[in-house]
Structure formats: C-alpha cells, structure tokens
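Residue numbers for the sequence shown follow this note's numbering, so the first one is 50 and each next one is one higher. All C-beta atoms, glycine included, are put in the ideal place defined by N, C-alpha and C. See structure below.
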Amino acid sequence: MVANNELPDKAFRHAGSRCSVALLGLSLTVLLASGPALADDLPQRKSGLWAFTSQDNAFADWKMCVDDTSYNLVESDIWSDFRDECEVQSFDRDGASYKLAAKCLSGFTGAADLFVALDGDFSTRYRLSIRTESAGLGGEMVVQSSTLDAEFVGACPEGLAPGAKEMRGGMVVLPPEKTAPASDWAKP
C-alpha cells in the first residue's frame with residue numbers, strides 16, 4: 050500500500066480502497082488475531098539520546114532521551130494517546146519498513162485518519178512520515194504531513210528523563226504521565 054516510505058495520496062487511497070474492501074475484513078482479522086506476534090515485530094529504538102530534524106517542519110528540532118522499556122515510539126513521536134484514541138486499520142512490515150493506518154478520535158482534534166511510515170535500523174537512525182486527514186471547520190478536508198529524521202547521538206545527559214524532549218533553545222518538555230508499554234501500541 051505504501052512504498053518507499055511515502056504516504057498514499059487521496060486518489061490512490063480511494064482507488065485502492067474500492068478494490069480491496071473485501072480484503073480489509075480479512076486483514077483486520079489477521080491483525081486482531083496476531084497481537085503478541087505483531088508486538089514482537091515492532092521497532093525498538095536503541096536507548097539513549099536521539100536528535101530529530103525535519104525538512105518540512107521548522108518546529109521539529111529537538112533531542113529526546115529514549116528508554117523503550119518505559120514508553121513507546123508511537124505515543125512519543127506520533128500520537129500521544131494512541132492506544133486510547135486510535136484504532137489500527139492496517140499494519141504492514143517489509144524488512145525495516147513499517148506502515149500503519151489508523152482512525153483516531155480526540156477531544157482536541159476530533160476524528161482523523163492517520164497514516165504512518167517508519168523506516169530505518171532504529172539503532173543509529175530512522176525516518177518517520179506522518180499524515181493526518183480531518184474535517185476542517187467548514188467541512189473541507191484538512192491534511193497535515195511531516196517527515197522526521199531521527200539520529201542516535203549517544204548517552205542521555207544527566208537530568209533528561211526517558212521520554213523528555215529538549216527543544217531547540219534548551220526548553221525541556223516532559224513526557225506524558227500515561228504511556229503504554231512499547232509492545233502494546235498496536236494491540237486492539
């Protein structure tokens with residue numbers, strides 16, 4: 050469905066969804082039945098300090114201390130309340146590339162379709178592409194997308210807790226209090 054770490058455009062998704070409606074039920078059944086096996090296939094980042102940059106998002110310039118034993122990549126990098134607010138529609142893996150589509154509902158954003166592509170070795174680098182689609186105030190479709198590049202830069206500095214982000218300029222953003230274990234994010 051998603052190739053070369055790029056997210057599908059609207060025309061491709063609509064054409065693909067018309068052709069594969071019958072397969073969607075089968076895919077969801079396999080996804081729901083494969084919770085523990087799926088959890089074993091999720092990327093685990095190397096513990097330590099990761100630097101994030103983006104060519105298309107000027108605000109994406111931070112360093113984050115990572116320890117995936119106590120928090121997970123999806124809730125820290127993609128959607129902070131993923132487990133509570135999103136339902137996985139599809140999940141695919143091809144080597145070190147992961148594709149995820151989910152329907153999310155948040156009091157902050159309302160209903161949104163979420164598309165994610167992850168690629169990398171997760172011990173030295175990875176790339177994360179995110180696209181959300183939601184209805185705007187006038188009912189028009191609002192599309193937001195961004196691609197983040199993450200690079201491992203070493204040990205976490207003293208005082209920067211796992212999940213905390215040090216923004217450009219030195220401001221520290223603490224992780225949300227509520228996070229799910231890394232192996233639980235894609236479970237139904």
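**Prompt:** What alpha helix (DSSP H) runs, 4 residues minimum, are completely inside the segment 92 to 159?
**Reply:** 122 to 126, 131 to 134
Could you tell me the alpha carbon to alpha carbon distance between GLU134 and ASP141, rounded to whole angstroms? For this step, residue 134 is matched to residue 85 along the sequence shown. For this step, residue 141 is matched to residue 92 along the sequence shown. Straight-line Cα distance between these residues: approximately 20 angstroms.
Environment of ASP168 [buried if 16+ CB atoms lie within 10 Å]
As a working mapping, residue 168 is identified with position 119 in the sequence shown. Buried, by the Cβ-count rule.
Where GLU136 falls, given that 16 or more other Cβ within 10 Å makes a residue buried | In the sequence shown, the residue the question calls residue 136 occupies position 87. With fewer than 16 Cβ atoms within 10 Å of its Cβ, GLU136 is classed as exposed.
In this structure, how does DSSP classify ASN54 when only helix, strand and coil are distinguished?
One-based indexing of the sequence shown puts residue 54 at position 5. Summary for ASN54: the model assigns pLDDT 44, below 50, so the residue's position carries little reliability; its value from the coordinates is reported in the next sentence. In this structure, ASN54 counts as coil in the three-state DSSP scheme.
### Task
Could you name the residues that DSSP lists as bridge partners for PHE164?
As a first step, residue 164 is located in the sequence shown; it is residue number 115 there, counting from the start. DSSP, once it has assigned bridges, lists ALA150, ARG180 as partnering PHE164.
Pick helix, strand or coil for GLY203, following the three-state DSSP scheme. To locate residue 203, count along the sequence shown from 1; it is residue 154. Three-state result, GLY203: strand.
For LEU3, write down the residues that DSSP places opposite it in a beta bridge. There is simply no residue 3 to check, as the chain begins at 50 and stops at 237 in what is shown.
On the DSSP bridge list, what partners appear for MET190?
Walking along the sequence shown from the start, residue 190 turns up at place 141. BP columns for MET190 point to ALA184.
Contacting residues, own chain, Cβ-Cβ under 6 angstroms from ARG217 (five flanking each side not counted): In the sequence shown, counting from the first residue as 1, residue 217 sits at position 168. Hits under 6 angstroms: ASP110.
Less than 8 angstroms separating the Cβ of ASP162 from some heavy atom of the ligand GTP? The ligand content of the structure shown is nil, which means the ligand GTP is not present either.
| message | Is the separation between the beta-carbon of GLY212 and that of CYS114 shorter than 9 angstroms? | response | Counting from one through the sequence shown, the residue named residue 212 turns up at place 163. Counting from one through the sequence shown, the residue named residue 114 turns up at place 65. In contact: GLY212 and CYS114 (Cβ atoms closer than 9 angstroms).
Can you give me the C-alpha to C-alpha distance between LEU193 and LEU177, rounded to a whole angstrom?
Residue 193 sits at position 144 when you count from the first residue of the sequence shown. Residue 177 sits at position 128 when you count from the first residue of the sequence shown. According to the sequence provided, residue 193 is Gln. The question's Leu does not apply to it. C-alpha separation (whole angstroms): 14 angstroms.
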